[in-house]
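Student:
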Amino acid sequence: MNAMMHKNTAEFLRRSWAEVDLNVLRKNYELYRDSLPDKAEIMAVVKANAYGHGSRPVAEMLQKAGVKRFAVASLHEAVNLRKDGIEGEILILGYTPAEGCGMLSEYGITQALVSEEHAASMAAAAAKLSEEGNAPVLCQFAIDTGMNRIGLDAEDPTGCAEIIRRYAAAPGLTMTGIFTHLCTADTEDEEAVAFTERQKALFDGVKDAVKDLNLPCCHCLNSAGGRTFPAGEGACVRLGIILYGLKPDYSNVLPEGIMPALSWKSTVAMVKDLHPGETVGYGRTFRAEHPMRIATIPTGYADGYHRSLSNRGYVLIRGMRAGIVGRVCMDQMMVDVTDIPDCAMGDEAVLLGRSGDEFLSADDMAQMIGTIGYELVCDISSRVPRIYKEIHE
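Residues in the sequence shown are numbered from 144 upward in steps of one, following my numbering.
Here it is in structure tokens:
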């Protein structure tokens with residue numbers, strides 16, 4: 144089943160679906176863009192199916208809005224965007240083996256070089272392609288400024304510069320920039336701020352050491368970093384989680400006007416009375432202490448709803464909270480509707496989003512189970528169709 148469908152189709156399904164408002168996404172982008180200095184540029188991060196929102200419609204909307212740079216996590220994601228008509232730079236932020244150089248060349252995709260060893264293997268493959276008359280492989284060096292994930296060690300800027308220069312001159316490769324990731328930019332305590340400042344200083348040291356190469360895209364600012372540090376003229380900011388209206392961290396306050404673009408909904412499949420002493424679900428982890436009514440919602444962990452929300456999360460029905468009782472099943476969950484007396488089969492159940500005066504965000508849900516909003520929206524599975532509210536020009 145195609146995960147993209149029109150709303151009237153979803154009305155026949157009425158099981159579990161996500162609604163993505165492209166108008167909200169565009170407004171989020173414009174608000175963030177307008178907060179940056181003139182000539183600062185945004186690289187839209189659309190990896191992981193645009194954080195669960197749908198990479199094709201999100202990228203198409205952003206391209207129409209003027210975005211010329213995109214970032215993804217894999218060659219598969221990048222090629223799909225190209226096939227969907229996305230132009231401009233598409234940067235793969237992680238590892239791709241040298242065997243992927245042919246596709247990188249064919250589709251004009253920019254590849255992160257994650258280490259000197261990786262660069263050597265990519266350069267060898269790119270040189271062979273060049274000898275055969277193929278287009279160069281575009282690349283950017285990742286710089287490790289303290290996250291210890293990928294990249295050249297920024298503690299040695301001279302050594303970094305030597306390696307970058309070597310591969311910038313390698314036949315078959317075209318170096319377009321360098322980048323790093325500020326891993327505590329979303330945290331505001333004194334130690335985290337100091338670490339972020341050190342990361343940026345280390346990156347600036349490497350950037351200064353290769354400034355004569357005139358690399359067109361050197362970037363370290365992510366969604367949170369773009370708010371912590373002033374983006375200089377001509378800077379490039381990787382806009383990820385804030386684009387989708389979610390917080391980089393619980394403690395953060397979103398910029399004014401930024402809103403979540405995704406709502407996740409299901410429906411009430413049945414309502415039944417529960418007598419004192421009766422239990423609910425696998426393992427009988429919930430026992431009724433008094434007469435109550437429960438409703439079954441046809442959404443479960445196979446749809447991406449976290450099992451760890453068992454007996455602790457809640458959904459919204461008729462503008463009221465209905466707590467989960469028992470364990471979340473693969474395809475269903477049960478909720479307490481004792482205090483929602485009119486609840487009936489067919490009622491809308493909001494898993495994320497607004498119902499009446501109540502609002503449940505991915506950040507709120509994530510805090511219940513000690514994770515982050517990113518994870519929850521990325522985990523909404525492909526069997527949950529995305530319904531798009533189109534842009535009103």
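C-beta atoms are modelled at their ideal positions from N, C-alpha and C, and glycine is treated no differently.
Note that this is a predicted model, so its numbers are computed, not measured.
Between Val-380 and Glu-305, what straight-line distance do the alpha-carbon atoms span, to the nearest angstrom?
Tutor: Position 237 of the sequence shown, counted from the first residue, corresponds to residue 380. Position 162 of the sequence shown, counted from the first residue, corresponds to residue 305. Rounded to whole angstroms, Val-380 to Glu-305 spans 26 Å at the Cα level.
Student: Between the alpha carbons of Met-148 and Lys-211, how many angstroms are there, rounded?
Tutor: Locating residue 148 in the sequence shown gives position 5, where the first residue counts as 1. Locating residue 211 in the sequence shown gives position 68, where the first residue counts as 1. Note that Met-148 scores a pLDDT of 48, beneath 50, so its modelled location is shaky; the value from the coordinates is reported in the next line. In this structure, the CA atom of Met-148 is about 27 Å from the CA atom of Lys-211.
Student: Give, in chain order, every unbroken run of the alpha helix (DSSP H) that is at least 4 residues long and sits entirely within the segment 511-536.
Tutor: 516-521
Student: Tell me the residue span of the beta strand (DSSP E) that contains Ile-233.
Tutor: Within the sequence shown, residue 233 is the residue found at index 90, counting from 1. Per DSSP, Ile-233 belongs to the beta strand (DSSP E) from 232-235.
Student: Got a sec, what are the start and stop residues for the beta strand (DSSP E) Arg-212 sits in?
Tutor: What you label residue 212 is simply residue 69 of the sequence shown in a count that begins at 1. 212-215 is the extent of the beta strand (DSSP E) around Arg-212.
Student: Assign Arg-199 to one of two classes, buried (16 or more other C-beta atoms within 10 Å of its C-beta) or exposed (fewer than that).
Tutor: By one-based count along the sequence shown, residue 199 stands at place 56. Classification for Arg-199: buried.
Student: Can we say the segment 326-346 touches the segment 276-285, given the rule of at least three CB pairs closer than 8 Å?
Tutor: Put simply, the segment 326-346 does not touch the segment 276-285. Fewer than three CB pairs are less than 8 Å apart.
Student: Would you tell me roughly how many angstroms separate the C-alpha atoms of Pro-434 and Ile-440, rounded to the nearest one?
Tutor: For the purposes of this step, residue 434 is taken as the residue at position 291 of the sequence shown. For the purposes of this step, residue 440 is taken as the residue at position 297 of the sequence shown. Cα to Cα, the separation comes out at about 20 Å.
Student: Looking at C-alpha atoms only, which residue of Asn-166, Ile-437, Ser-409 and Cys-472 is the closest neighbour of Trp-160?
Tutor: Taking the sequence shown and counting its residues from 1, the one referred to as residue 160 is at position 17. Of Asn-166, Ile-437, Ser-409 and Cys-472, the residue nearest in Cα terms is Ser-409.
Student: Taking only runs of the beta strand (DSSP E) that begin and end inside the segment 318-392, which ones reach a length of at least 3 residues, in chain order?
Tutor: Counting only unbroken stretches of 3 or more residues, the beta strand (DSSP E) elements lying wholly within the segment 318-392 are 379-382, in sequence order.
Student: Could you check what DSSP says for Ala-312 in three-state terms: helix, strand or coil?
Tutor: Taking the first residue of the sequence shown as position 1, residue 312 is located at position 169. Coil at Ala-312, not helix or strand.
Student: Within the continuous beta strand (DSSP E) that includes Asp-164, where are the two ends?
Tutor: As a working note, residue 164 is residue 21 in the sequence shown. Note, Asp-164: beta strand (DSSP E), 159-164.
Student: Could you check the C-alpha separation between Ile-321 and Lys-532 for me, to the nearest Å?
Tutor: Along the sequence shown, read from residue 1 onward, the residue named residue 321 stands at position 178. Along the sequence shown, read from residue 1 onward, the residue named residue 532 stands at position 389. In a straight line, the C-alpha of Ile-321 is about 36 Å away from that of Lys-532.
Student: Could you tell me which residues DSSP pairs with Arg-430 in its beta bridges?
Tutor: Translated into positions along the sequence shown, residue 430 becomes position 287. Answer is Thr-422, bridged to Arg-430.
Student: According to DSSP, Ser-557 sits in a beta bridge with which residue or residues?
Tutor: Missing from the structure shown is residue 557; the chain here goes from 144 to 536 and no further.
Student: Taking the straight line between their C-alpha atoms, what separation do you get for Ala-445 and Ala-262?
Tutor: Counting from 1 along the sequence shown, the entry for residue 445 is found at position 302. Counting from 1 along the sequence shown, the entry for residue 262 is found at position 119. One C-alpha to the other measures close to 39 Å.
Student: Please say whether Val-280 and Met-265 have beta carbons closer to each other than 8 Å?
Tutor: In the sequence shown, residue 265 corresponds to position 122, counting from 1. In the sequence shown, residue 280 corresponds to position 137, counting from 1. Yes.
Student: Classify Asp-446 as helix, strand or coil using the three-state DSSP reduction.
Tutor: Stepping through the sequence shown from its first residue, residue 446 is reached at position 303. If DSSP states are grouped into helix, strand and coil, Asp-446 belongs with the helices.
Student: Closer than 6 Å by C-beta to Gly-348: which residues in its own chain qualify, once you throw out the five before and the five after it? Chain order, please.
Tutor: Walking along the sequence shown from the start, residue 348 turns up at place 205. So the list reads Pro-300, once near-sequence residues are dropped.
Student: Could you give the first and the last residue of the continuous alpha helix (DSSP H) run that contains Leu-205?
Tutor: Translated into positions along the sequence shown, residue 205 becomes position 62. Counting along the chain, the alpha helix (DSSP H) containing Leu-205 begins and ends at 198-207.
Student: Hey, quick one: how far does the alpha helix (DSSP H) through Met-488 stretch, first residue to last?
Tutor: The residue given as residue 488 occupies position 345 in the sequence shown. Looking at the DSSP string, Met-488 is not in any alpha helix (DSSP H), and its letter there is neither H nor E.
Student: Does Met-290 get closer than 8 Å to chain B when you measure Cβ to Cβ?
Tutor: Absent from the structure is chain B; it holds one protein chain and no more.
Student: Could you check the C-alpha separation between Ala-146 and Glu-334 for me, to the nearest Å?
Tutor: Counted from its first residue, the sequence shown places residue 146 at position 3. Counted from its first residue, the sequence shown places residue 334 at position 191. Annotation note: pLDDT 48 at Ala-146 (below 50); position unreliable, coordinate value reported separately. Their Cα atoms are separated by approximately 43 Å.
Student: Within a Cβ cutoff of 8 Å, which residues of the same chain sit near Glu-518, ignoring the five residues on either side of it in sequence?
Tutor: Looking up residue 518 in the sequence shown gives position 375. Here the set comprises Ala-509.
Student: Residue range of the alpha helix (DSSP H) that Val-222 falls in?
Tutor: In the sequence shown, the residue the question calls residue 222 occupies position 79. Note, Val-222: alpha helix (DSSP H), 218-226.
Student: Contact between the segment 480-499 and the segment 449-463: three or more CB pairs below 8 Å?
Tutor: These segments touch.
Student: Just the C-alpha distance for Ser-258 and Val-411, rounded to the nearest angstrom, thanks.
Tutor: Within the sequence shown, the letter at position 115 stands for residue 258. Within the sequence shown, the letter at position 268 stands for residue 411. Going from the Cα of Ser-258 to the Cα of Val-411 covers about 52 Å.
Student: Pick from Ala-216, Asn-192, Val-215 and Glu-232: whose alpha carbon is nearest that of Gly-209?
Tutor: The sequence position of residue 209 within the sequence shown is 66, counting from 1. If we check each option's Cα against that of Gly-209, Glu-232 comes out closest.
Student: Check for me: the alpha helix (DSSP H) holding Lys-190 runs from which residue to which?
Tutor: The residue given as residue 190 occupies position 47 in the sequence shown. From DSSP, the alpha helix (DSSP H) with Lys-190 extends over 190-194.
Student: Tell me Val-478's beta-bridge partners as DSSP assigns them.
Tutor: Reading the sequence shown from its first residue, position 335 is the one you call residue 478. Answer by DSSP bridge pairing, in chain order: Ala-438 and Ile-467.
Student: Use the C-beta contact count for Ile-530: other C-beta atoms within 10 angstroms, 16 or more gives buried, fewer gives exposed.
Tutor: Within the sequence shown, the letter at position 387 stands for residue 530. Ile-530 is buried by the Cβ-count criterion.
Student: Determine the contact status of Gly-424 and Ala-431, defining contact as a CB-CB distance below 8 Å.
Tutor: What you label residue 424 is simply residue 281 of the sequence shown in a count that begins at 1. What you label residue 431 is simply residue 288 of the sequence shown in a count that begins at 1. The criterion of a C-beta distance shorter than 8 Å is not satisfied by Gly-424 and Ala-431.
Student: Would the beta-carbon of Ala-344 fall within 8 Å of that of Gly-315?
Tutor: The sequence position of residue 344 within the sequence shown is 201, counting from 1. The sequence position of residue 315 within the sequence shown is 172, counting from 1. Against a cut-off of 8 Å, the Cβ pair of Gly-315 and Ala-344 comes out as no contact.
Student: Excluding sequence positions up to five away, which residues of its chain have a Cβ less than 8 Å from the Cβ of Asp-500?
Tutor: As a first step, residue 500 must be located in the sequence shown, where it is residue number 357. Hits under 8 Å: Gly-462.
Student: For Lys-226, count the other beta carbons within 10 Å of its own beta carbon; 16 or more makes it buried, fewer makes it exposed. Which is it?
Tutor: Within the sequence shown, the letter at position 83 stands for residue 226. Residue burial is scored here from C-beta neighbours: Lys-226 has fewer than 16 other C-beta atoms within 10 angstroms and is therefore classed as exposed.
Student: For Ala-278, name the three-state secondary structure that DSSP assigns.
Tutor: By one-based count along the sequence shown, residue 278 stands at place 135. It is coil, neither helix nor strand.
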